[in-house]
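Engineer: Here it is: the structure, laid out below.
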Amino acid sequence: KEKAIAGWNTDKQKSKAVLGSDTAVVINGKILGKPENNTDAKRMLNLLSGKTHQVMTAIALAVPSENLNQPELSSVMSVSDVTFKELTPLEIEQYVNSGECDDKAGAYAIQGLAAAFITHLSGSYSGVMGLPLYETVELLNKAGISADSLVVS
Numbered sequence: 001k002e003k004a005i006a007g008w009n010t011d012k013q014k015s016k017a018v019l020g021s022d023t024a025v026v027i028n029g030k031i032l033g034k035p036e037n038n039t040d041a042k043r044m045l046n047l048l049s050g051k052t053h054q055v056m057t058a059i060a061l062a063v064p065s066e067n068l069n070q071p072e073l074s075s076v077m078s079v080s081d082v083t084f085k086e087l088t089p090l091e092i093e094q095y096v097n098s099g100e101c102d103d104k105a106g107a108y109a110i111q112g113l114a115a116a117f118i119t120h121l122s123g124s125y126s127g128v129m130g131l132p133l134y135e136t137v138e139l140l141n142k143a144g145i146s147a148d149s150l151v152v153s
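Under the numbering used here, the first residue of the sequence shown carries the number 1, and numbering increases by one thereafter.
Here it is as structure tokens:
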């Protein structure tokens, strides 16, 4: 919600809708954000190795309201379960050295090389990437914003 409001506040006329989202990887009740460095990335990948974790992506939509100083907010959460294979130290080392884990929640990108680590996914592939499309389209539609051009028929 904070991201959507921050974006909405940049519009001087307060006339545009703004979408904000954020993704967290959660394992054993612990949130894994973006790794601080390679050592932190290796720690995260070791935690995920051979286990199932959740990827939670929240989406918020800020739209103009009658109160020009504050938008109308709506939000939704996508939760997916992702299972990693047991990773070898070499796989972790090579993946971290690829640089792909930089700036990624949980130190991995499902749409990249880490796809080879995933044995099972239950939920939203696009949600694990960082923007769950189904939920986003539903949020837009509920706000009266046509998302027809986003849907391929």
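Ideal placement from N, C-alpha and C gives every residue a C-beta, glycine not left out.
Give the C-beta separation of Val128 and Val76 to the nearest angstrom, bearing in mind that I take them to be a contact with Cβ-Cβ under 8 Å.
Structural biologist: In fact, because the Cβ distance is near 16 Å, the residues do not count as touching under 8 Å.
Engineer: Assuming Leu47 and Ile27 make a contact with CB atoms under 8 Å, what is their CB distance in whole Å?
Structural biologist: 6 Å between Cβ atoms; contact.
Engineer: Going by the beta-carbon positions, is the gap between Ser49 and Gly130 smaller than 8 Å?
Structural biologist: No; because the gap between Cβ atoms is not below 8 Å, this pair is not in contact.
Engineer: Please work out which residues of its chain come closer than 6 Å, Cβ to Cβ, to Pro132, disregarding the five sequence neighbours upstream and downstream, and give them in chain order.
Structural biologist: If we look at Pro132 and ignore the five residues flanking it on each side, its Cβ neighbours are Thr57, Ser78, Ser124 and Ser126.
Engineer: Helix, strand or coil for Ser153? Go by DSSP, reduced to three states.
Structural biologist: Note that Ser153 has pLDDT 40, beneath the 50 cutoff, so the model's placement of it is unreliable and the number below is only indicative. In the structure shown, Ser153 sits in coil (DSSP, three-state: anything other than H, G, I, E or B).
Engineer: Thinking just about the alpha-carbon of each residue, which of Leu139, Ala114, Pro89 and Asn141 is nearest to the one in Thr39?
Structural biologist: For the residues Leu139, Ala114, Pro89 and Asn141, the minimum Cα distance to Thr39 belongs to Pro89.
Engineer: For Ser21, write down the residues that DSSP places opposite it in a beta bridge.
Structural biologist: In DSSP, Ser21 forms a bridge with Ile59.
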